Amino acid sequence: MIKENKPNLSQDEIWREPVNLALFRKPQGKVHVIAERCKECNYCTNYCPNEVLERSTNTNSHGYHYVQVKAGKESSCVNCGMCQTICPDFAIFVTEVQ
Amino acid sequence: MSIEEVHPKSQFLRDERLPHIWCPGCGLGIVLQSYINAAEKSGIRLENHVLISGIGCTARLPGYANLDTYHTTHGRGIPFATGMKIANPDLKVTVISGDGDLFNIGGNHFIHAARRNMDLLVVCVNNFNYGMTGGQHGSTTPPSSLSSSTPYGNIEQSFNLPYLAAAIGASYVARWTVMHPRQFTKSLSKAMDIRGFAFVEVLSPCPPNFGKFNGFSDGFAEMEFYRKNSVVDNEAKLEDVSIDPHHGKQIILGEFVNKRRPSFIELEREVNRRAMVVEK
Ligand SMILES: Cc1ncc(C[n+]2csc(CCOP(=O)(O)OP(=O)(O)O)c2C)c(N)n1
Ligand code: SF4
Ligand code: SF4
Ligand code: SF4
Ligand SMILES: [Mg+2]
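In the order they appear, the protein sequences are chains G and H. Taken in order, the first sequence gives residues 1 to 98; the numbers are from the numbering used here. Taken in order, the second sequence gives residues 99 to 378; the numbers are from the numbering used here.
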């Protein structure tokens with residue numbers, strides 16, 4: 001039988017403080033691509049929550065259209081790390097912009 | 099964007115061997131990264147981690163980790179690891195190998211290591227077929243699947259690996275997919291702390307073989323299938339967690355077993371102590 005996972009939260013966990021927008025800064029990341037390793041699987045382009053990435057029209061020496069940051073999206077990376085975690089080829093990573 | 103050459107995990111990789119041999123969209127690179135991240139966080143010194151495999155695409159994985167690693171013969175990762183652990187109990191010995199390697203040719207070694215509660219972490223990368231040799235079916239191929247050796251559909255029932263491992267007495271049992279890298283990494287970290295036999299199954303796309311034969315146009319399509327059709331249920335009844343996507347069944351993930359029973363190494367120490375007393 002397939003059961004649903006029911007969250008079992010206490011009152012304390014449900015009652016959250018509202019975010020203080022004056023103190024909160026959206027994190028920013030810088031994308032690094034090791035173009036020679038990219039195999040064009042498109043996992044990072046599809047799973048980036050901010051649609052920062054796209055396939056380049058250029059190819060690496062193995063013939064794959066490697067990934068690049070979309071024009072105009074240079075400051076849209078929120079440093080979530082999804083692209084780095086999901087890349088099977090160690091071809092992309094992010095660093096935090098302070 | 100910049101074209102940088104040094105990946106932040108490169109110190110844990112044999113960087114000079116990259117790009118690796120795996121196909122575009124193959125999930126094995128995600129398994130490798132997850133293992134490295136778990137080992138890094140484990141609190142166990144890296145020189146005490148040993149990574150062992152048998153034969154297959156998955157079995158190439160230790161060759162990319164910058165640790166002491168052994169690529170053994172087909173199906174024999176577990177016996178090799180068992181010998182290494184008994185000879186040097188200070189080591190954290192992990193076997194990462196394929197479904198075919200661990201459960202077809204090597205199936206007997208698995209059941210006996212679990213029965214003994216041998217102090218090992220065994221990770222099975224289940225891509226539902228023999229990837230390396232061209233996508234033949236095996237004991238983990240779901241019913242009705244197409245493969246290069248079942249062109250009219252697999253008539254066999256497949257192993258329900260978590261149920262099997264738990265029934266034999268594994269101390270820790272979990273299942274994830276490479277679409278769940280964070281949960282999978284956490285689970286590996288936990289499993290590295292287990293005294294006894296820990297088993298983690300991870301489902302992974304094999305785009306040119308199982309994927310292509312079963313209607314996934316590419317790795318992404320298989321990843322999407324895992325994302326949309328998986329449910330996490332740590333309390334699942336294990337007899338119900340078999341994988342049967344061709345008959346509309348959801349894939350059940352989770353950390354199913356985490357229970358303490360004396361491990362082989364603990365019992366061996368105890369019996370050695372008693373033997374010493376008798377000898378004196
Ligand atoms: C004794 C022996 N028999 C058969 C083979 C051929 N062979 C190589 S890999 C493999 C299957 C590997 O399947 P799996 O463990 O699922 O790994 P994958 O390639 O799918 O990761 C087989 C049968 C071999 N190398 N040695
Ligand atoms: S870190 Fe997150 S937001 Fe930035 S490019 Fe990667 S996936 Fe997109
Ligand atoms: S996930 Fe990695 S290999 Fe795949 S397209 Fe992105 S950078 Fe390239
Ligand atoms: S054949 Fe399958 S398992 Fe082997 S490298 Fe290719 S995708 Fe990965
Ligand atoms: Mg396999």
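We treat Cβ as the ideally placed atom computed from N, Cα and C, and that holds for glycine. The structure displayed is predicted, hence computed values, not measured ones.
CB contact flag (residue i, residue j, <8 Å)
i, j, result
"H:Gly-175", "H:Ile-203", "no"
"H:Gly-198", "H:Tyr-228", "yes"
"G:Val-78", "G:Val-31", "no"
"H:Asp-188", "H:Ile-363", "no"
"H:Lys-139", "H:Ser-287", "yes"
"G:Ile-92", "G:Val-33", "yes"
"H:Leu-159", "H:Leu-130", "yes"
"G:Cys-90", "H:Leu-219", "Residue identity differs from the one stated: residue 90 of chain G is Phe in this sequence, not Cys. Contact: no."
Euclidean distance between Cα positions of residue i and residue j
i, j, result
"G:Pro-18", "H:Ile-194", "44 Å"
"H:Thr-275", "H:Phe-282", "7 Å"
"G:Val-94", "G:Cys-48", "12 Å"
"G:Gln-84", "H:Tyr-133", "14 Å"
"H:Gly-232", "H:Phe-308", "9 Å"
"H:His-210", "H:Phe-297", "13 Å"
"H:His-105", "H:Leu-301", "25 Å"
"H:Gln-348", "H:Met-374", "54 Å"
"H:Arg-359", "G:Glu-36", "48 Å"
"H:Arg-371", "H:Val-223", "38 Å"
"G:Lys-3", "H:Ala-319", "Only weak support is given to the placement of G:Lys-3: the predicted model assigns it a pLDDT of 45, under 50, and the question is left unresolved by the model."
"H:Met-290", "H:Gly-161", "20 Å"
"H:Thr-239", "H:Cys-304", "12 Å"
"H:Lys-335", "G:Phe-24", "43 Å"
"H:Phe-295", "G:Gly-81", "32 Å"
"G:Pro-27", "H:Gly-317", "30 Å"
"H:Ile-101", "G:Glu-40", "Annotation note: pLDDT 49 at H:Ile-101 (below 50); position unreliable, coordinate value reported separately. The straight-line gap from Cα to Cα measures roughly 16 Å."
"G:His-65", "H:Asn-206", "44 Å"
"H:Leu-165", "H:Thr-180", "18 Å"
"H:Ser-237", "G:Gln-98", "51 Å"
Start and end residues, beta strand (DSSP E) containing residue i
i, result
"H:Ile-194", "190-196"
"H:Arg-293", "Here H:Arg-293 belongs to no beta strand (DSSP E), and DSSP marks it neither H nor E."
"G:Glu-40", "From DSSP, G:Glu-40 is part of no beta strand (DSSP E); its letter is neither H nor E."
"G:Lys-30", "28-33"
"H:Gly-352", "349-356"
"H:Ser-247", "Here H:Ser-247 belongs to no beta strand (DSSP E), and DSSP marks it neither H nor E."
Contact test: residue i Cβ vs ligand 6 heavy atom, cutoff 7 Å
i, result
"H:Asp-197", "Absence of ligand 6 is noted for the structure shown, with ligand 1, ligand 2, ligand 3, ligand 4 and ligand 5 being the only ligands found."
Run of the alpha helix (DSSP H) containing residue i, from where it starts to where it stops
i, result
"H:Ser-269", "Unbroken run through H:Ser-269: none, as it is neither H nor E."
"G:Cys-83", "82-86"
Query raised in the report: When a residue counts only if its C-beta is closer than 5 Å to some heavy atom of ligand 4, which residues count, in chain order?
Result: Result (chain order): H:Trp-120, H:Cys-121, H:Cys-124, H:Cys-155, H:Gly-229 and H:Cys-304.
Query raised in the report: At a cut of 8 Å, does the segment 258-267 of chain H reach the segment 347-362 of chain H through at least three beta carbon pairs?
Result: Contact between the segment 258-267 of chain H and the segment 347-362 of chain H is present, with at least three C-beta pairs closer than 8 Å.
Query - Quiz: which residues have CB nearer than 5 Å to ligand 3 non-hydrogen atoms - result: With the cut-off at 5 Å, the residues found are G:Cys-38, G:Lys-39, G:Cys-41, G:Tyr-43, G:Cys-44, G:Val-67, G:Cys-87, G:Asp-89, G:Ala-91 and G:Ile-92.
Query - Contact list for the segment 27-45 of chain G against chain B, Cβ threshold 8 Å - result: Absent from the structure: chain B. Protein chains present are G and H.
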